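> Under the working numbering, the first residue of the sequence shown is numbered 138, with each subsequent residue one higher. Quick reminder that beta carbons are idealized off the backbone N, C-alpha and C, glycines included. Keep in mind that this is a model prediction, so the values were computed, not measured. Got a structure here, written out as structure tokens. Questions coming.
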Amino acid sequence: MAKKDTFRVVTRGSDGSLMISDYPSVDPLMQSHQQIGIDDCSTDLALRGMPVFRGLVGPMPEGKNIVRYETPEVFEVLTKEWMNAKPRKRRRRTAAQIAEEAALALELEAQMASSS
């Protein structure tokens, strides 16, 4: 289990941009936010026992060693963006396209063989 050694807080700036603050320990968060509990149900076992703060959503895993906290507004906006993102559609080739590509490949091989 990877040790989480970076604590990231994501907030919204006055101009609407995302502001990310990274801390090497949880101590600065403990001083600026009120702890209201500890995480005891995360599927990421490295997050269990991490503090839960009033006014922040988290802890959430981000990569192998980052614990992420977000303001409720940022959490809501990013969740909506994630939900509305359309998955890329996979294009499937038809049997006719596969046969046509195979015929072109054979023709190309024949041309290469005759030219050498």
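Helix, strand or coil for MET197 per DSSP?
Three-state DSSP puts MET197 in a strand.
> What separation, rounded to the nearest whole angstrom, lies between the Cα atoms of GLN168 and MET187?
For GLN168 and MET187, the distance between alpha carbons rounds to 15 angstroms.
> Determine, using beta carbons only, whether GLU213 comes closer than 7 angstroms to chain E.
This model lacks chain E altogether; it includes just one protein chain.
> So for THR216, helix, strand or coil by DSSP?
Here THR216 sits in helix by DSSP.
> In three-state terms, what does DSSP make of GLN171?
GLN171 falls in the coil class under three-state DSSP.
> Going by DSSP, name the residue or residues bridged to ILE235.
Answer is none; ILE235 lacks a bridge partner.
> Can you give the Cα-Cα distance for THR148 and LEU155, rounded to whole angstroms?
Distance between the alpha carbons of THR148 and LEU155: 6 angstroms.
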